[in-house]
Amino acid sequence: MILDLLQTHYNYYAVVVLLGIGLYMLVDSDNLVKKVIGMNIFQTGIFLFFITLAFRAGGNPPVITEGGGPYVSPLPHVLILTAIVVGVSLTAVALALIIRIYSEYGTLDEETLKQLYYD
Amino acid sequence: MIEQLPVLLVVVPIVGGAVPLVASLVSDRAGWPIATLTLAVHTALAGWLAWSVGTGGTIDYAVGDFAIPYGIELVVDGLSAAVVLLISVVALGLLAYARRAGPRSNAFYSQYLLLVTGLSGMAVTGDVFNLYVFLEITGLAAYGLVASGREASAAVAALKYLIIGTVGASLYLLGVGYLLAVTGTLNMADLAGKLAAIGYGSPLVLTAFALMVGGLTVKVALFPLHTWQPDAYANAPDTVSAFISALVSTVAAYALVRVLFSVFTVDFLTAVPVARWTLVGLACVSIVAGSALAVSQTNVQRMLAYSSVSQFGLVVAGFAIATPTAVVGATIHLLGHAVMKGGLFAATGVIERETGASTVGGYAGLGSRVPVGAASFAGLALAMVGVPPAIGFVGKWYIVVGAVRAEIWPVVVVLLASTLLTLAYFAKLVERLYFAEPTIYEGDDDAGAAPVADGGESPVSAGMLAVVVGAAVLAVALVAAVPTLEQTLLETLPPLLDQ
């Protein structure tokens with residue numbers, strides 16, 4: 008039973024593992040760049056969740072040809088394309104802010120930054 | 253023309269937002285006139301749309317003519333029309349403030365218009381994924397605007413806001429994924445029907461609700477999830493704090509309401525009491541904790557930020573009670589809070605520019621030195637406490653009556669207690685302004701305590717004062733619009749009538 012679930016739902020476990028790793032890095036890492044990487048991993052987990060939703064056993068790519076069906080669902084792919092663009096923009100803004108912080112405070116360590124920031 | 257209005261509300265500011273960047277090739281000062289022109293058109297369109305919705309009922313728009321459950325739908329009912337009108341008016345009004353106070357680069361005005369695009373999009377969309385996209389556009393523009401402050405602490409605040417805000421939006425997206433998995437659709441109206449057919453008890457539906465509402469409460473800044481807000485509001489330039497405190501959380505709260513009423517519907521809240529009570533509980537904790545934190549602040553802008561945490565608790569409590577009276581009250585308080593809180597932040601900017609005072613102690617005796625700014629601040633503060641005839645009173649009154657009629661006594665107690673706590677921190681400031689002896693600035697009336705702006709011009713322009721006074725007047729004048737709003741809401745939010 009459990010072995011069965013493991014074999015058929017391994018993609019969902021990969022999603023959960025990615026979400027966990029991403030959140031853990033976001034919360035626990037003191038390095039701001041690593042926090043942003045954690046944010047990316049968290050988002051990637053969500054992207055994979057959508058992609059995995061679209062899968063259909065024995066489905067073909069959603070390009071209509073004669074007698075081509077059944078197809079996998081194209082909708083989640085399109086949604087995730089948008090979400091990836093959003094994710095890239097967020098990463099760019101975050102890295103730009105980190106450059107500004109580093110040039111002003113000379114550190115990327117959150118603890119050091121907190122001490123400088125609240126003084 | 254009329255049927256294109258919803259999409260024009262999104263198209264106009266996004267096109268207008270690209271123009272200042274191009275115009276920087278020619279002139280460095282082109283941003284302000286372009287933004288004003290764009291937002292004047294936007295306001296006219298929003299006014300026309302609100303009038304059409306008020307007279308003719310809900311307006312639907314199928315983007316690109318794709319058949320509705322598959323394509324993106326824009327829906328404007330009474331609630332969205334009121335929110336869109338609020339966005340336009342506040343954004344246009346604050347431009348008068350930004351001309352002297354704000355960062356003046358063309359890039360700033362581009363971001364400003366981008367933020368208006370995101371907010372308008374969130375208000376008119378009828379599609380849960382489209383809502384996510386506009387939520388992130390709003391977020392991106394807001395992070396950039398917060399970071400546009402001169403000091404580096406603004407960048408730290410913006411990065412904190414970005415990380416927490418992204419987690420909130422990502423949780424919402426995960427919730428959308430669950431809904432897509434259960435129903436195969438993203439259209440709000442379609443979802444409402446399909447969720448009812450599937451049954452509200454399904455674990456997937458419950459998880460989707462928890463993720464979407466949890467994600468949005470981060471953006472609304474309810475109590476345990478509010479930590480980004482005080483830093484962001486206090487470190488941003490004055491124009492930006494006034495703008496985002498008035499609109500960003502407000503529209504996030506609107507999105508929360510859309511998810512509650514248009515996707516999950518009141519029936520879901522009735523069928524799954526634990527969802528409703530969790531939301532009411534979170535709101536009550538937010539009301540009390542936000543007020544308590546506000547009382548303990550020394551910096552006025554941080555105090556106002558914590559006050560928002562408490563006021564949004566009030567709004568969410570009203571919506572979670574979900575009786576027609578409470579929903580009308582929560583809507584009034586949502587709109588009224590935007591005007592009052594934006595005005596308060598604008599007034600703190602005026603006072604700080606005139607005198608350099610930014611702490612509760614520093615406000616002592618400033619009433620006579622900054623007469624217009626201080627009077628408006630005091631007026632808006634009293635309106636926020638809920639002194640009649642201000643809009644703050646009307647909103648709270650409806651929410652309390654709604655809670656009494658629904659016989660939810662703990663909420664009634666918390667609502668009344670929150671008014672006392674609000675009075676505690678605002679009365680302290682008003683008392684300092686008018687009845688305390690001036691402390692640090694004594695005998696130095698025009699001898700340079702005030703920071704002098706570049707080029708020797710006065711740090712406060714007539715436009716800035718007009719915005720502050722206008723907000724104070726609007727806080728009372730809005731009461732006249734309450735009957736119309738109530739009627740439109742009751743007509744166009746059909747799930748409420750089923751009770």
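Top line first, the protein sequences correspond to chains G and W.
Using the numbering used here, the first residue of the first sequence is number 8, and each one after it goes up by one.
Using the numbering used here, the first residue of the second sequence is number 253, and each one after it goes up by one.
Ideal Cβ positions, reconstructed from N, Cα and C, are used throughout, including at glycine.
Of all residues in the segment 422–443 of chain W, only SER422, LEU425, LEU426, GLY429, LEU432 and ALA433 place a beta-carbon less than 7 Å from a beta-carbon of chain G.
Annotation for W/ALA314: the continuous beta strand (DSSP E) segment containing it runs 311–314. Residue environment analysis places W/THR736 among the exposed positions, since fewer than 16 neighbouring C-beta atoms fall within 10 angstroms of its C-beta. G/ASP11 carries a helical assignment under DSSP once its states are collapsed to helix, strand and coil. For W/LEU545, no beta strand (DSSP E) encloses it; the enclosing alpha helix (DSSP H) starts and ends at 525–547. Counting along the chain, W/GLU325 sits inside the beta strand (DSSP E) bounded by residues 325–328. Contact annotation: W/GLY283 and W/ASN358 have beta-carbon atoms nearer than 8 Å. Close to chain G, meaning a Cβ-Cβ distance shorter than 7 Å, are the following residues of the segment 380–413 of chain W: PHE381, VAL385, GLU388, LEU392, TYR395, GLY396, ALA399, ALA404, SER405, ALA407, VAL408, ALA410 and LEU411.
Non-local beta-carbon contacts of W/SER372 in its own chain, meaning distances under 7 Å to residues more than five positions away in sequence, involve LEU261, VAL262, PRO265, VAL336 and ILE339 in chain order. Between W/ILE415 and chain G, the shortest Cβ-Cβ separation is below 8 Å. Put simply, the CB of G/PRO83 is near chain W, with a gap under 8 Å to one of its CB atoms. In this structure the segment 367–386 of chain W touches the segment 501–518 of chain W; the number of beta carbon pairs closer than 8 Å is three or more. Only buried fits W/LYS648, as 16 or more other CB atoms lie within 10 angstroms of its CB. With a 10 Å radius around the Cβ and a threshold of 16 neighbouring Cβ atoms, G/LEU13 comes out exposed. Pairing W/GLY354 with W/PRO576 gives a Cβ-Cβ distance that is not under 8 Å. A Cβ of chain W is located within less than 8 Å of the beta carbon of G/THR89. The contact set of G/ILE108 on chain W, defined by CB atoms closer than 8 Å, consists of ALA404, ALA407, VAL408 and LEU411 in chain order. For the segment 492–527 of chain W, there is no continuous beta strand (DSSP E) assignment of 3+ residues that stays within its boundaries. Our two residues, W/LEU414 and W/ALA319, have alpha carbons roughly 36 Å apart in a direct line. Judged by DSSP in its simplified three-state form, W/THR377 adopts strand. Here W/ASP490 carries a helix assignment [DSSP, helix/strand/coil]. When W/PRO711, W/ILE643 and W/GLU255 are compared, the shortest CA-CA separation from W/ASP312 is found for W/GLU255.
The Cβ atoms of W/GLU388 and W/ALA343 do not sit closer than 8 Å to each other. Of all alpha-carbon atoms in W/GLY436, W/SER620 and W/ALA727, the one lying nearest the alpha-carbon of W/GLU683 is that of W/SER620. At least one CB of chain W lies nearer than 8 Å to the CB of G/GLU111. When secondary structure is reduced to three states using DSSP, W/TYR452 falls in the coil class, being assigned neither helix nor strand.
Closest in C-alpha terms to W/LEU632, from the list W/LEU672, W/ALA679, W/TYR650 and W/TRP661, comes W/ALA679.
It is roughly 53 Å from the alpha-carbon of W/ALA460 to the alpha-carbon of W/ALA688.
For W/THR418, the C-beta contacts it makes with chain G under 7 Å involve MET46 and LEU97, in order along the chain. The segment 589–604 of chain W makes contact with the segment 552–561 of chain W, as at least three CB pairs between them are under 8 Å.
W/VAL624 and W/ALA314 have their C-alpha atoms spaced approximately 48 Å apart. With a beta-carbon spacing of about 4 Å, W/ASN487 and W/ALA406 fall inside the 8 Å limit used to define contacts. Not flagged as an interface residue toward chain W: G/ALA21, since no C-beta distance is shorter than 8 Å.
Non-local beta-carbon contacts of W/VAL472 in its own chain, meaning distances under 8 Å to residues more than five positions away in sequence, involve SER501, ALA504, ALA505, LEU508, PHE564 and VAL568 in chain order.
A Cβ-Cβ distance of about 4 Å is found for the pair W/LEU326 and W/PRO258, placing them in contact under the 8 Å criterion. In the displayed model, W/ASP317 falls within a helix according to three-state DSSP.
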